[in-house]
Amino acid sequence: MGTVTYPNADVERHIRSHFVPVQFNVVDEPEVMDRFNSSWTPTLIVEDAEGREYRRSLGYLDPHRFVGEMALARLAQSIHRRDYKAAHERGLEATHRTKGDPWREPEALYFAAVAAYKVSSDAAKLQEGWNRLMDQFPESDWAKKAEFIRK
Amino acid sequence: MANEHVRWGHSVEDARRVARAESKLVLIDLFSPN
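Going down the list, the protein sequences come from chains L and V. Each position in the first sequence, counted from 1, maps to that position plus 16 in our numbering. Each position in the second sequence, counted from 1, maps to that position plus 513 in our numbering.
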């Protein structure tokens with residue numbers, strides 16, 4: 017992460033714009049593994065100012081996957097806060113940021129559809145977004161979570 | 514390993530104060546140096 021991901025200009029910009037970064041060297045401070053209930057490094061955790069956790073990732077992330085993770089964290093926060101206008105915007109961003117990432121793009125599509133539905137109160141938006149998810153990633157876990165809508 | 518590109522803090526409590534003031538999220542990275 018320190019040699020490839022964090023020096024990446026897009027990653028650096030994304031962190032500076034949206035996050036306050038904190039780093040712990042677990043060799044120097046082994047107690048942080050218990051403090052944050054982690055079992056492996058690198059561990060990335062995204063919390064709000066009150067300590068509510070929105071996202072956790074274990075293992076190395078390249079710049080594309082890292083920015084996708086961060087976009088999903090921001091989307092999760094806005095949905096949690098019921099700020100659906102922000103969630104709608106962040107859903108579009110997460111969809112864009114996770115493009116081509118077969119693990120994260122389906123999740124972004126799932127929650128982008130949720131946000132589009134919530135901001136509009138139009139259930140057709142949920143159907144439309146989830147249909148897109150099921151068409152593009154039919155074998156994904158997120159498509160399986162959405163498929164009841166077709167039954 | 515730590516890097517020069519991102520300005521990492523080392524206190525979650527301080528980070529939360531800044532995050533509250535600037536409407537940001539806190540990113541915590543637990544790393545093991547190579």
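Each residue gets a CB set at the ideal place from its N, CA and C atoms; glycine is no exception.
Cβ closer than 9 Å: which chain V residues qualify as neighbours of residue i?
| i | result |
| --- | --- |
| L:I61 | V539, L540, I541, D542 and L543 |
Helix, strand or coil for residue i? Go by DSSP, reduced to three states.
| i | result |
| --- | --- |
| L:G67 | coil |
| V:D542 | strand |
| L:S176 | This structure cannot speak to residue 176 of chain L, because chain L is shown only from 17 to 167. |
| L:S36 | A quick correction: the sequence has Val, not Ser, at residue 36 of chain L. Residue state, collapsed to three classes: strand. |
| L:T217 | The structure shown does not extend to residue 217 of chain L, since chain L is modelled only from 17 through 167, so no value can be given for it. |
| L:V83 | helix |
| V:G522 | strand |
| L:N24 | coil |
| L:V43 | coil |
Does any residue of chain V have a CB that is nearer than 9 Å to the CB of residue i?
| i | result |
| --- | --- |
| L:A87 | no |
| L:G18 | yes |
| L:Q93 | yes |
| L:R106 | no |
| L:R90 | yes |
Could you name the residues of chain V that residue i contacts, counting a contact when the two beta carbons are closer than 8 Å?
| i | result |
| --- | --- |
| L:Q152 | Near L:Q152 there are no residues of chain V at all, since even the closest Cβ is about 28 Å away, more than 8 Å. |
At 7 Å on the CB atoms, spell out the chain V contacts of residue i, in chain order.
| i | result |
| --- | --- |
| L:V48 | L543 |
Check: Are the region 149–156 of chain L and the region 132–139 of chain L touching, with three or more C-beta to C-beta distances below 8 Å?
Finding: no
Margin query: Under 8 Å, CB to CB, which of the residues in the region 50–76 of chain L have a partner in chain V?
Written below: F52, S54, T57, P58, T59, L60, I61, V62, E63, D64, A65, E66, G67 and Y70
Margin query: Check whether the region 45–55 of chain L and the region 27–35 of chain L are in contact - that is, three or more C-beta pairs closer than 8 Å.
Written below: no
Notebook entry, point to check: Taking any Cβ of chain V, which residues in the region 21–44 of chain L have a Cβ under 7 Å from it, in chain order?
Noted result: Y22, P23, E28, I31, H34, F35, V36, P37, V38, Q39, F40, N41, V42 and V43
Note to self: Please identify, using Cβ separations under 9 Å, the residues of the region 113–141 of chain L that lie next to chain V, in order along the chain.
What the structure shows: Cβ contacts with chain V come from no residue of the region 113–141 of chain L.
Margin query: Using a Cβ distance threshold of 8 Å, determine whether the region 526–541 of chain V contacts the region 59–66 of chain L, with at least three qualifying pairs required.
Written below: yes
Item checked: contact_flag[the region 72–82 of chain L, the region 95–109 of chain L] where n(CB pairs < 8 Å) is 3 or more -> no
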